[in-house]
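The structure under discussion appears below in the form of C-alpha cells.
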Amino acid sequence: MNLKSSRRSRTPTPNNAHNKMPTFKGFSTTSLFIILCCFISTHLPMASTANPSASKLREDCMELSVKSKCECIPMLTDLQIECPVNDPKITIKIRPGDHVMIECYNINYRDYRLMPNMTIGNTTQVQIQGCPLPGYLPIASIPQQLGVTRYTTLLFDNNNDLGTNITKEHLSGLHGLGRLRFSSSRLLHMPSDLFSDTSLRNITWIDLRSNNVELPVDIFAKLENLIFIELGYNHLKNLPIGIFRNQKKLQVLNLWSNELQNLTKETFAGIPSLTELDLSNNGIETFPEDIFEYLPNLSTISLNKNRFHSLPEGLFKSNKHLKLIRLTNNRVPLRSLPRGFFANLPHLKEIRLTTDLESVPGDLFANSTGLETVLITDNKLGTLPEELFESQLNLIHLELSYNELTNLPDHLFHNTRNLTSLKLDHNQLTEISSDLFASLTKLKTLDASNNQLTTIDPQAFAYAQSIEDINFENNHLSLGESYSQMLEDGLGAYQRGSPFQHCMSLKRLNLKNNSVMYIPQDWKFQLLNLQELDLSYNNITTLSEDDLQFLTRSDLHLNLTHNQLRMINFQNIELSAETKLNKVKMDLNDNPVQCDCVLLSFVQFLRGERGQALKQSVILNTRNLRCSTPENLRGMEVEKVKPMELLCPFDHEDTNPKRCPKGCQCWVRTFDRILMVNCSNGNLTKVPPLPRIEQFQLAGTELNVQNNELMKLPLASTPGYASVVKMFAAGNNLTDIEGTQLPYHLTHLDVRYNALKYFNESTINFLNESKTLESVYLSGNPWTCDCGAKPLLMYAQRKYDAIRDFGEMTCANLGPTTKYISELSITDICSESELYIAASIAISVVGLLIGTLAALYYKYQKEIKIWLYAHNMFMWFVTEEELDKDKKYDAFISYSHKDEQFIAEYLVPQLENGTPPFKLCVHVRDWLVGECIPDQIVRSIEDSRRTIVVLSQHFIDSVWAKMEFKTAHQASLTEGRARVIVIIYGDIGNIDNLDSDLKAYLKMNTYLKWGDPWFWSKLRYAMPHPVNNDMKGLVKTPLKGSTDDKLELIKPSPVTPTLTTPPGEATKNPLVAHLNGVGATQTAVMFANGKTPAYYTNGKTTTAGQNCHINGAFIINTNAKQSDV
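Here the sequence shown stands for residues 5 to 1129, where the numbers follow my numbering.
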C-alpha cells in the first residue's frame, strides 16, 4: 500500500470534471456500509420487473436501420447506437442490465427526437453526457424515450450550454432514484427548490461537483435522507448557516477545492452523524478552536493543501472518534504544531503530516495509543524528541522520509515494539547506533536510503532478527570502519561480523551506491533466506569463486554492476562445485575488468572450459562486461576474449632486481605457461640474457627481437635462450644461422627481412630433424639461388607446409626480374655440369689444404697437441690413449652398497677374468683406509678410464652414489669424452622423477640394461680397447657432444627385464669377504641428511674437520658403503 499517495484526487480540471466518478477510497467502514445498504434498497424493487432478454434487445437493435434513422453496432456484450447514421449527433451505449450512456455532440433539445423508441427495461445507471436540458421536459423523459423503465443512479454532466436554466421540473419524475449527480460549469444559478420534488425524497447520495454557483440555504432542505454530499470544485466562498440543518443522517461531506474562509462551528450544525469531512485545497489559514465541536462522530478529516500558518491547541478535543487525520502539502510553511495537538485520541489510527515542520513537541501523540500508521514526511525536522512515540505501543508503520534528520535518539523507538515498517529515507543521518533498533523485534522492512550514513554499529540489528527487507541505497557505507575500531577496543571475534549478521530472516538487502569494498563472509553463511542482494555502484575490486558460496535456501540475485571490479579469479572454481548451492544469478556488467592472466579461469568458465558442474547453479550476466586494460583489449567484451590474450607482467613494481632484460617487456601467459619477452625495436646488436624459467615452472619462452640490429644468434645452450620455443627475429641483420643457434624445442621461427643468403648444413639438419618445429617464415631475405641453396630448396619442397611464406621467397641473384623460389626446381639453380665443376674445385682446395696441414702436423705434432689440449680445443685431435696412458684403472665402479651381490658375483668377476681382462677400482677393495671419502671419489674417477654407474633404486636414494655420478659426469664434460657407462639395474621408475643431472644424462645418452642378452658384449665394447702397437699417428676419439661409436651399438631394449639376482643385502658379499676376511670387525660410519659425517670416538660424537680425520687419525670402515646416508 502506497501510504504516501493521497486518498483521492480532489482537484479535477474544469475540462474533465464532468467525467470524474465519485470514489470511496478512504471512506470509513461505516460510511461504505450505509451507502451499500442504500444501493440494495433501491435495487431490490427492480428484481420484480422482468427485463427483456439481452438477445431480444439485440434483435430489436439490429432492426433500427429499418425502423429509424439510427444504426446499431454490436460490440461484444454491449450495443452502440448512432443517430443519425451519417454524421451522428447522438451516441447511445448500452450494456443490458447495467448501464445506459447517452452522449451528445452539439445538439439542441429538439434533436432528442432522433433517438429511436426502444424497450431497454431496467438498468442500474443512466449517464447523460454533453447533452442540453430537454427544453421544459424533465430529464427523465430522455431515458424514457429509450424504454428505460427504472434506474437508481442518474449522472448528468455537461460543460456546454444547457439551453435553459434548470428548474425543479427538470428533476421531477425520478422515482426510485438513489444517487444523483448534476455537474455543469455553465450553471450559474440553482433555485432553492431545485430538489423539492417528492420523487427525490429517497435520494441518499448527491454530487454537485464542478458547478459555479453559490448554494441557497434551503437547497438541501427536502433531502432528509442524504448520507453523502459532494460539493468539490464549486468555487464556493461561504456556506450559509443552517444549510445542512435537515441532514441528520449525513456521514460524508466533501468541500474540497473551494474558496471557503471564516468557517465556524455553526457551519456544521445539524450534522452530528458526520464521519468524514474533506476541507482540502480551500486556502484556509486557521480555524477557531471549537470549529469541529458539533461533529462528535467525526472519524476522518482531510485538511490538505491549505494555507495554515498556525493551528489552535485542542482543535480535536471534541472529536474522540477520529481515526484518520490528513494534514499534507500545506501551501505555506507550518513550522510547528501545538503541544498535544494529536494527543488523547484513543481511536486515532493514522496521521499524515507534511507542512514544512521544523520541530514537533514531545507530547504530540501522547495517549493516542491506537495509532498504527504515522507519516511525517517532506518536512524540515532535524531531530525528534526521544519521548515522541512513548505511547505508540501499537504503531505498525512509521514513515519519516524526506526530512532533514541528522540523528535520532537511541530510545526513540523504545516502546514501538510492534513496528513492522520503518522509513527513514531521504534524510541526513550519518550513523546508526547499537540501541536505536534494539526494541524493534518485529521489524520487517527498513528503508534508510538516501542519507549520509557512514557507520552502522555491528550490533545495530542484533534484536531485529525478523527483518526481511533492508534498503541502504545511496549512502557512504563501507562496512569497514567500525571493525577496526572494534579490534582496537578488544571485542570478541563473534562481534566482528557485518551489521547484518543477525538478520536470519533477511530476504532483500539493497546497498546500491555505497562504498562497500568486499562481500562479508556472514552474508554467505548466515543469511540463509537472502534472495536479492544489490551491491551495484560500490567499490568492490575483486571477485573470486568464494563469493559464489551463498548458502541461501532460495535462488539469489546478486547485482555487482558499476563497481570497481578489476580482478576476477575463479582459479578454484572446481572446488566450489563440491558444495551444493542454490541458483545464484550474478550481474557483473559495467565494471573496469583488468584482462590479464588472473582473469584466465573466469574466461574459461564463461567459455564452458572450467567449472561445468556449476553452470546450472551460477548464472552470470556479462553481456556488457568489458576490458579496461591492457590497451590492446580495452573495450572488448570479456565474453569474446581468448585465453591466449590474457597476460601478466613478469616483473612487478617491487621486484628487485628486475628479471626482464633491460629495454624489454616481459609477460607471462598462464594459459600455456609461456614467458613472452618483447625486445623489438630496441636497436639491439645481440640477444640480451634471458630469464631462466625453470624456477617459475614455465613451459617455454617466446622471444620477440624484431626490428633490431642483430647480426647473429646466441648458442642454443645459452641459459634462458635454451628455453625459447617461439622466436620472432624479423627485420634484423642476420647473415647466417647455425643449427647450434636454434633452441632444441623451437616451434616457430620468423627470420624474415634479414640478410640471409644461405642456410648451411647444420641449419638444414636442424630443420629436418626437429620434432617440434611447426612454422618457419623466411621471405624478405636476399637468398642466393645456386647449388648452395639446394638443401634449402629440398627441405622446402619436402616440408612446404612448414615454411608458411614459401610462396613469397625470392632469389636475389637471378637478374632484375623477380624469381620466386617456389617456381624453381633443383636443376634450375644447380645443373650437373656446374655441380661437377664445383665439386672438382672443392676437392682440389680440400686436398691442398689437407696436404699443407699434414706437413705442418708431421713436423710440429707434439707442440700442436700440447697447445690444443691446454686450450681445451679440438680435443678429438688428442688420442684417448695419450690422455689415459697414466691412468691406473680401466674402470671405477660406482654403486650402492645394497647392490654389492651383483657387483661381487657378476660384474667384477666377468670383467676382471674375461677376455680381455680389465682392471677395476672397487671402493671396498681399492680405497685407502683413513682418507676422506670425497677425496677418494675424485681420485678414483681421475685414475680410471671409465666410470661404470650401476643405476638402481638404491643408487638413486644414495647421496654418495649421486656424488660419484656427478663427479664422473663433470670430468667427462671437461675432457669432452664419453667416459660414463650407465647400467640400469632393476626398475628405476619414471625417468622424469629422477635428479635433474641423471634425468638429463639419460635423455641425452645411451645406456645398458641388466638382463639384455647382449649385455656382456656391449659392455666390453664400451670399455677401453687395448692399443695396437703397430698403429702410428692419431687415433680419433668421438666428441662428447656426438654419439659414441661404441655406445651407439649398446642402445638398450625398451623393455626392462626382471632382475636375475636378489637384492644386495640378501646374500653375504664374497668380494668384501675376500678383501677383508670373514668376520672382520666393521666400524660404523653414519651420515645425516647429506651433511658433514659424524664420527663416533669413545662413545662421543665428533665432527670431521677439513682434513677428514679425528685426533690425527683417519677412521673409515673397510666394509662401509660410500652410498650410505
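Every residue, glycine too, gets a C-beta built ideally from N, C-alpha and C.
Beta-carbon spacing of residue i, residue j below 9 Å
i	j	result
residue 529	residue 465	no
residue 120	residue 71	yes
residue 284	residue 254	no
residue 410	residue 432	yes
residue 132	residue 162	yes
residue 311	residue 334	yes
residue 896	residue 925	yes
residue 251	residue 287	no
residue 1181	residue 718	The question about residue 1181 has no answer here: the residues shown for the chain are numbered 5 through 1129.
residue 414	residue 451	no
residue 729	residue 767	no
Per DSSP, the bridge partner or partners of residue i
i	result
residue 425	401 and 449
residue 893	948
residue 257	233 and 281
residue 623	589
residue 430	The partner list for residue 430 (beta bridge, DSSP) is empty, contrary to what the question assumes.
residue 571	546
residue 824	814
residue 209	183 and 232
residue 1012	987
residue 75	86
residue 380	357
Buried or exposed (CB count within 10 angstroms, at least 16 for buried), residue i
i	result
residue 563	buried
residue 524	buried
residue 327	buried
residue 570	buried
residue 824	exposed
residue 973	buried
residue 927	buried
residue 648	exposed
residue 556	buried
residue 462	buried
residue 130	buried
residue 63	exposed
residue 765	exposed
residue 1151	Limits of the chain in this structure are 5 at one end and 1129 at the other, which puts residue 1151 out of reach.
residue 1099	Per-residue confidence for residue 1099 stands at a pLDDT of 31, beneath the threshold of 50, marking its modelled position as unreliable; the derived number appears in the next sentence. It is buried - the Cβ of residue 1099 has at least 16 other Cβ atoms within 10 Å.
residue 860	exposed
residue 735	buried
residue 690	exposed
residue 77	exposed
residue 956	buried
Contacting residues, own chain, Cβ-Cβ under 6 Å from residue i (five flanking each side not counted)
i	result
residue 139	113
residue 985	950, 952 and 1026
residue 548	573
Own chain partners of residue i with C-beta closer than 8 Å, once the 5 adjacent residues on each side are dropped
i	result
residue 544	520, 521, 522, 523, 564, 567, 568 and 569
residue 682	668, 669, 670, 671 and 708
residue 207	181, 182, 183, 184, 199, 227, 229 and 230
residue 828	789, 797 and 815
residue 559	535, 586, 587, 588 and 589
Contact set for residue i: own chain, Cβ-Cβ below 7 Å, skip 5 residues either direction
i	result
residue 720	726, 744, 745, 746, 747 and 748
residue 676	703
residue 996	1003
Any non-hydrogen atom of the ligand NAP within 8 Å of residue i CB
i	result
residue 111	You won't find the ligand NAP in this model; it holds no ligand whatsoever.
*Quick one: complete alpha helix (DSSP H) runs, 4+ long, within the segment 707–791?*
765–773
*For the segment 899–925, which segments carrying the beta strand (DSSP E) assignment without a break, of at least 3 residues, lie completely within its bounds, in sequence order?*
none
_Residue ranges of each beta strand (DSSP E) within the segment 94–130, 3 or longer_ = 94–99 and 103–108
*Mind listing, in chain order, the continuous beta strand (DSSP E) runs of no fewer than 3 residues lying wholly within the segment 293–333?*
304–306 and 328–331
_Inside the segment 133–202 only - alpha helix (DSSP H) runs reaching at least 4 residues_ = 145–149
*Length-filtered (3 minimum) beta strand (DSSP E) runs lying within the segment 597–642*: 622–625 and 630–633
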